[in-house]
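Inspection log for the structure reproduced underneath, given as structure tokens.
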Amino acid sequence: MVEMKLRMPEGALASMRNDPEGFARELCLAAAVKWYEMGRISQGRAAEIAGLSRSEFLASLARYGLSPFQCSAEELEAEAGRD
93 MVEMKLRMPE
103 GALASMRNDP
113 EGFARELCLA
123 AAVKWYEMGR
133 ISQGRAAEIA
143 GLSRSEFLAS
153 LARYGLSPFQ
163 CSAEELEAEA
173 GRD
């Protein structure tokens, strides 16, 4: 495991109403969700980055208003129309 040190204004922790450890967990989850949304990483890798099981990660996507599917409605329709 890689360990990183970040500089963060104290006000950032206060605005998130979190202690440093909780803030770090939330930061990892937010990064994992965004990278997953961008299609840069898989669900499994995102869950690993967030420190969650895959099912916990998928459930957390709802908090961010995201679908667990990485394709558009048009792509789903096109796929469904193929024989």
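The sequence shown begins at 93 in the numbering used here and counts up by one.
Glycine is no exception: its CB is placed at the ideal position from the N, C-alpha and C atoms.
Contact under 8 Å by Cβ, residue i with residue j
i, j, result
"Gln162", "Phe149", "no"
"Leu168", "Glu129", "no"
"Tyr121", "Ser152", "The question names Tyr, but residue 121 is Leu in the sequence shown. Their beta carbons are under 8 Å apart, which means Leu121 touches Ser152 by this criterion."
"Trp127", "Ala142", "no"
The alpha helix (DSSP H) enclosing residue i, as first and last residue numbers
i, result
"Gly130", "Note on identity: in this sequence residue 130 is Met, with Gly being the wrong assignment. It is not in any alpha helix (DSSP H) - Met130 carries neither H nor E in the DSSP assignment."
"Leu98", "Where Leu98 is concerned, there is no enclosing alpha helix (DSSP H), given that its DSSP letter is neither H nor E."
"Ser152", "146 to 153"
Length of the line joining the Cα atoms of residue i and residue j
i, j, result
"Ala116", "Ala170", "40 Å"
"Glu140", "Asp111", "22 Å"
"Leu105", "Leu119", "11 Å"
"Ala165", "Ala123", "24 Å"
"Gly114", "Ile133", "23 Å"
Where residue i falls: helix, strand or coil (DSSP)
i, result
"Leu168", "helix"
"Pro160", "coil"
"Gly143", "coil"
"Arg117", "helix"
Exposed unless 16 or more other CB atoms sit within 10 angstroms - verdict on residue i
i, result
"Val125", "buried"
Closer than 7 Å: residue i CB and nearest the ligand FMN heavy atom
i, result
"Ala122", "As presented, the structure is devoid of all ligands, the ligand FMN included, so that no description of it is given."
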